[in-house]
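In our numbering, the protein residues as written are 27 to 395.
Here the structure comes first, spelled out in structure tokens, and everything after it is commentary.
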Amino acid sequence: MKKIAWITADYFIDCDIDLIPRLNDYFDIRWCVVLPQKNSRYSEKELLEHKSRYIAKFFTIKYRFRDVKMIPFYISLIRYIIKCKPDLIYFNLQGYPYLAFLLSILLKKSQVILAVHQAEVHSGMKYKYLTKKYFDFLYGHFLNFHLFSKSQTDLFLKKWSGKNVFQIPLGLKDYGVSNAKPDQKKVVFLNFGNIIKSKNISLLIKAACNVYEYGYRNFSVKIYGSCKEWNSYSDLITYPGIFDVKIDLIPNEDIASLFCSSHYLVLPYSDVSQSGPLKIAFNYNIPVIASNLKEFQNEILNERTGFIFNNGELKDLERIMIYVIENHGTIYSVLKKNQRDDVRSRYSFQKIEKDYVRMFEDVVKLNKL
Numbered sequence: 027m028k029k030i031a032w033i034t035a036d037y038f039i040d041c042d043i044d045l046i047p048r049l050n051d052y053f054d055i056r057w058c059v060v061l062p063q064k065n066s067r068y069s070e071k072e073l074l075e076h077k078s079r080y081i082a083k084f085f086t087i088k089y090r091f092r093d094v095k096m097i098p099f100y101i102s103l104i105r106y107i108i109k110c111k112p113d114l115i116y117f118n119l120q121g122y123p124y125l126a127f128l129l130s131i132l133l134k135k136s137q138v139i140l141a142v143h144q145a146e147v148h149s150g151m152k153y154k155y156l157t158k159k160y161f162d163f164l165y166g167h168f169l170n171f172h173l174f175s176k177s178q179t180d181l182f183l184k185k186w187s188g189k190n191v192f193q194i195p196l197g198l199k200d201y202g203v204s205n206a207k208p209d210q211k212k213v214v215f216l217n218f219g220n221i222i223k224s225k226n227i228s229l230l231i232k233a234a235c236n237v238y239e240y241g242y243r244n245f246s247v248k249i250y251g252s253c254k255e256w257n258s259y260s261d262l263i264t265y266p267g268i269f270d271v272k273i274d275l276i277p278n279e280d281i282a283s284l285f286c287s288s289h290y291l292v293l294p295y296s297d298v299s300q301s302g303p304l305k306i307a308f309n310y311n312i313p314v315i316a317s318n319l320k321e322f323q324n325e326i327l328n329e330r331t332g333f334i335f336n337n338g339e340l341k342d343l344e345r346i347m348i349y350v351i352e353n354h355g356t357i358y359s360v361l362k363k364n365q366r367d368d369v370r371s372r373y374s375f376q377k378i379e380k381d382y383v384r385m386f387e388d389v390v391k392l393n394k395l
């Protein structure tokens with residue numbers, strides 16, 4: 027049985043937490059979990075309660091990612107990996123701006139598989155020039171890459187053809203069972219996640235206020251997530267009675283009920299690589315309304331499993347919201363059935379599990395490990 031050192035940052039734990047127990051039947055996995063000292067999406071206690079038998083070691087970050095003190099932190103992580111004597115090393119950790127250079131010095135690149143969530147720098151990223159240089163080194167030096175969508179794979183291969191690239195979709199994100207149900211007297215729209223400029227939440231707020239002005243009353247909009255500049259968005263809310271807003275890091279135990287008490291997830295993003303909220307919605311069978319970015323067009327069947335509107339076009343989002351409000355009683359059950367069937371065929375744990383096994387086996391063969 028091949029041994030894999032698997033490193034996951036807290037911001038990607040929900041990608042791996044349900045997958046690793048399944049892959050343990052095929053590989054000896056040493057799961058290393060990297061958590062920030064403050065504002066972690068998961069706590070050690072929470073992970074140990076549910077996944078203690080699968081976690082080899084926790085690594086706690088005490089500094090900002092750009093702090094030079096991160097260099098000895100990463101060296102200690104790499105030393106632990108080397109001590110494990112793995113056949114393969116899977117990184118679901120970006121490590122900007124130091125990790126890539128340390129890996130290139132201290133590890134065999136043939137052993138390393140890098141999870142790539144962004145094939146190129148997108149508009150929502152900070153320090154775009156430096157991040158591009160980091161990506162160029164990371165993607166240029168290493169050999170084996172896991173990408174999560176066709177759109178990101180196509181972008182990656184345009185510049186980095188000749189690499190060993192494996193496309194496996196982001197799995198469903200499961201936060202447990204909830205008996206919550208949406209208010210049946212109105213249509214409940216939800217936006218969830220960290221609020222940054224590229225997620226274009228202002229478009230949803232403006233659309234909702236306009237729809238209200240057109241005379242529609244039987245709907246509401248929930249906006250739940252953390253935001254550093256919420257004042258710039260709150261000023262746009264002219265009808266607070268139709269909004270349910272919670273600006274904070276949402277506890278994991280609240281996420282299932284949040285989705286189950288909503289009818290539709292709305293993602294008005296202007297740029298995207300992967301969307302975690304999309305896979306939460308798929309898990310809880312919540313139809314999605316999203317902008318026509320390639321990533322969303324690859325995952326949402328327009329007018330069958332959800333709705334696609336023209337990116338950045340306020341009137342088009344209004345049109346879909348009005349259509350949904352007016353026709354909710356006849357279209358909703360059909361959308362849910364179609365989505366359920368599509369998700370089952372594309373994102374089942376069994377299928378994704380097999381894809382990961384195949385990826386690891388192929389890397390072993392390709393690199394003669």
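For every residue, glycine included, the Cβ atom is placed at its ideal position computed from N, Cα and C.
First and last residue of the uninterrupted beta strand (DSSP E) at residue i
i	result
residue 40	Counting along the chain, residue 40 falls outside any beta strand (DSSP E), though it belongs to the alpha helix (DSSP H) covering 39-42.
residue 54	54-62
residue 174	No beta strand (DSSP E) holds residue 174; DSSP gives it neither H nor E.
residue 91	No beta strand (DSSP E) holds residue 91; DSSP gives it neither H nor E.
residue 293	290-293
Under 7 Å between C-beta atoms of residue i and residue j
i	j	result
residue 251	residue 220	yes
residue 142	residue 157	no
residue 369	residue 289	no
residue 292	residue 340	no
residue 321	residue 177	yes
residue 96	residue 122	no
residue 110	residue 83	no
residue 140	residue 30	no
residue 48	residue 379	yes
residue 238	residue 265	yes
residue 33	residue 117	yes
residue 126	residue 164	yes
residue 192	residue 385	yes
residue 66	residue 36	yes
residue 310	residue 333	no
residue 319	residue 298	yes
Candidates the options: closest to residue i by CA position
i	options	result
residue 312	242, 61 and 364	364
residue 307	199, 299, 383 and 83	199
residue 88	357, 282, 63 and 175	63
residue 162	144, 104, 386 and 176	144
residue 373	28, 195 and 130	195
residue 360	330, 345 and 43	330
residue 304	44, 362, 152 and 218	218
residue 69	27, 277 and 382	277
residue 343	108, 358, 315 and 327	315
residue 227	262, 348 and 380	262
residue 53	75, 72, 80 and 41	80
residue 212	327, 103 and 347	347
residue 244	367, 352, 128 and 104	352
residue 201	302, 328 and 224	302
residue 240	349, 391 and 389	349
residue 167	152, 137 and 56	137
residue 223	205, 210, 206 and 254	254
residue 394	73, 92 and 134	134
residue 105	41, 131 and 92	131
For residue i, the residue or residues it bridges with in DSSP
i	result
residue 250	218 and 272
residue 116	32 and 139
residue 315	292 and 333
residue 396	Because the chain here runs from 27 to 395, residue 396 falls outside it and cannot be looked at.
residue 84	59
residue 328	332
Bounding residues of the alpha helix (DSSP H) (the contiguous stretch that carries residue i)
i	result
residue 365	340-373
residue 187	Note, residue 187: premise wrong, no alpha helix (DSSP H); not H, not E.
residue 206	Neither: residue 206 is in no alpha helix (DSSP H) and is coded neither H nor E.
residue 157	154-167
residue 147	First-last for residue 147: undefined, no H or E at that position.
residue 48	46-49
residue 239	227-239
residue 199	Where residue 199 is concerned, there is no enclosing alpha helix (DSSP H), given that its DSSP letter is neither H nor E.
residue 306	302-309
residue 71	70-77
residue 278	278-286
residue 259	257-260
residue 395	From DSSP, residue 395 is part of no alpha helix (DSSP H); its letter is neither H nor E.
residue 130	125-132
Nearest-angstrom Cβ-Cβ length linking residue i and residue j, presumed shorter than 8 Å
i	j	result
residue 60	residue 119	6 Å
residue 337	residue 296	6 Å
residue 268	residue 234	6 Å
residue 169	residue 184	18 Å between Cβ atoms; not a contact.
residue 382	residue 45	7 Å
residue 187	residue 300	Contact doesn't hold; Cβ gap of about 22 Å is too wide.
residue 287	residue 208	5 Å
residue 248	residue 280	Residue 248 to residue 280, Cβ: 12 Å. No contact.
residue 128	residue 108	Not a contact, Cβ separation roughly 12 Å.
residue 390	residue 28	6 Å
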